[in-house]
Amino acid sequence: MLFTAHRDGVFRYLCRIVGQGEAPDLTQEVFLRVSRGPVPDIPADALRAWVFRIARNLALNYRRDTGRRPHLVALVDTSRAAPQETSAAMRQALALLAPLDRDVFLLREVAGLSYEEIGLSCEITVDAVRSRLHRARQQLRIVLQPLVSNGSTPTVRLYDPR
Amino acid sequence: MTPDDLTPDTSLSAACVIVDALLDGEAVDKQALRDALDDRATRDYFVDALVLRQLTHEMAPMTFTVAESPVARTRRPLQWVMSAAVLALVATGGYLAGHRREMPPPTADALVSAASEPGVTAPAPTKIIRLDPGVSWTTETARQ
Chain H
0 MLFTAHRDGV FRYLCRIVGQ GEAPDLTQEV FLRVSRGPVP DIPADALRAW VFRIARNLAL
60 NYRRDTGRRP HLVALVDTSR AAPQETSAAM RQALALLAPL DRDVFLLREV AGLSYEEIGL
120 SCEITVDAVR SRLHRARQQL RIVLQPLVSN GSTPTVRLYD PR
Chain Z
0 MTPDDLTPDT SLSAACVIVD ALLDGEAVDK QALRDALDDR ATRDYFVDAL VLRQLTHEMA
60 PMTFTVAESP VARTRRPLQW VMSAAVLALV ATGGYLAGHR REMPPPTADA LVSAASEPGV
120 TAPAPTKIIR LDPGVSWTTE TARQ
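Those sequence lines, one after another, are chains H and Z.
Per numbering that gives the first Met the number 0, residue 0 is the first one in the first sequence, and the count goes up by one each step.
Per numbering that gives the first Met the number 0, residue 0 is the first one in the second sequence, and the count goes up by one each step.
Here it is, written out as structure tokens:
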């Protein structure tokens, strides 16, 4: 039940944190941990936050254990970036964010968690979520300025990732 | 470039709070949104945030798939081919071995020559007991 409801969100989040190669295994590990212990008797939103807290902790452990810190390398020329280069530029820009800002940003934009859920997952207040999310967006805007302003995405869509 | 080099104006203006809330599916006041979007910088921020969202989504797959390792992907067809080859080899070998050991069928000449050999004598005829109707084989006299 929890797996069906949250696997895609957890996977998307982990893909962008640890990379596409490790994300499937870590996703399965998240739900193994979920299944090992008793599921807390809490509302659905809080339950989602609980699952993502496990995912976040696993991702942090993974990065700590493997020592795979995001590489701070020179950014590609984002003004004329091909799709693969766009992804690379995005990864590099995310790597420049403070870890908690990055988590907040990804939990919102990729996993679609609400401010409250992100607050529960990261154990911070909703105001802190707002502030960090805004800061992450502003920093990404600056780093990816050419891509964001003149990139290969002439159209945008207002949709909620949830 | 390090996080310290990034020093955007991250102070939360009222306009940005409104735009962020709209982006994140929160309820916003209509008039406040109108006022916020009157500002060109806020409009730019709004559009850029949408582009960032799009770029973030395009980074990696959106649905959970158990990725198969490249080694496993190449090994699996090879295993099938190897299994099929071994099966074919065993079947062919078995057939050929069986074919070599098979005795030729007896010919008519061979039967005649065996019967006419001098050393071969026919076995003695067996004792024939006539079955007489009415005779009880269970009685003592009959057995004797």
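C-beta atoms are modelled at their ideal positions from N, C-alpha and C, and glycine is treated no differently.
Item, Value
"Within 8 Å, strictly: CB atoms of residue 121(H) and residue 93(H)", "no"
"DSSP three-state assignment for residue 58(Z), whether helix, strand or coil", "coil"
"Min CB distance residue 49(Z) to chain H below 8 Å", "yes"
"Per-residue contacts from residue 46(Z) into chain H (C-beta, under 8 Å)", "155"
"Contact list for the segment 108 to 135 of chain H against chain Z, Cβ threshold 8 Å", "108, 109, 113, 114, 129, 130, 132, 133, 134"
"Cutoff 8 Å: residue 19(Z) Cβ touching any chain H Cβ", "yes"
"Chain Z contact residues for residue 86(H), given Cβ-Cβ distances below 9 Å", "54, 57, 58, 59"
"Chain Z contact residues for residue 46(H), given Cβ-Cβ distances below 8 Å", "Result: empty, since nearest Cβ-Cβ is about 18 Å, beyond 8 Å."
"Buried or exposed (CB count within 10 angstroms, at least 16 for buried), residue 47(H)", "buried"
"Own chain residues within Cβ distance below 7 Å of residue 34(H), not counting five before or after", "none"
"Partners in chain H for residue 23(Z), counting only beta-carbon separations shorter than 8 Å", "107, 113, 114, 132, 159"
"DSSP three-state assignment for residue 129(Z), whether helix, strand or coil", "coil"
"Segment contact flag, the segment 83 to 102 of chain Z with the segment 13 to 22 of chain Z, C-beta cutoff 8 Å, min 3 pairs", "no"
"Selection from 143(H), 130(H), 124(H) that minimises the alpha carbon distance to residue 12(Z)", "130(H)"
"Spatial neighbours of residue 14(H) in its chain, beta-carbon cut-off 6 Å, leaving aside the 5 residues before and after", "22"
"Unbroken alpha helix (DSSP H) run spanning residue 65(H), endpoints", "43 to 65"
"Candidates 30(H), 10(H), 19(H), 20(H): closest to residue 2(H) by CA position", "30(H)"
"Buried or exposed by the 16-neighbour rule on C-beta atoms within 10 Å, applied to residue 58(Z)", "buried"
"DSSP-derived helix/strand/coil call for residue 0(H)", "coil"
"The alpha helix (DSSP H) enclosing residue 135(Z), as first and last residue numbers", "Careful: residue 135(Z) lies outside any alpha helix (DSSP H) and carries neither H nor E."
"Inter-residue Cα distance where the pair is residue 155(H) and residue 109(H)", "16 Å"
"Whole-number beta carbon distance between residue 51(Z) and residue 147(H), since they are thought to touch under 8 Å", "6 Å"
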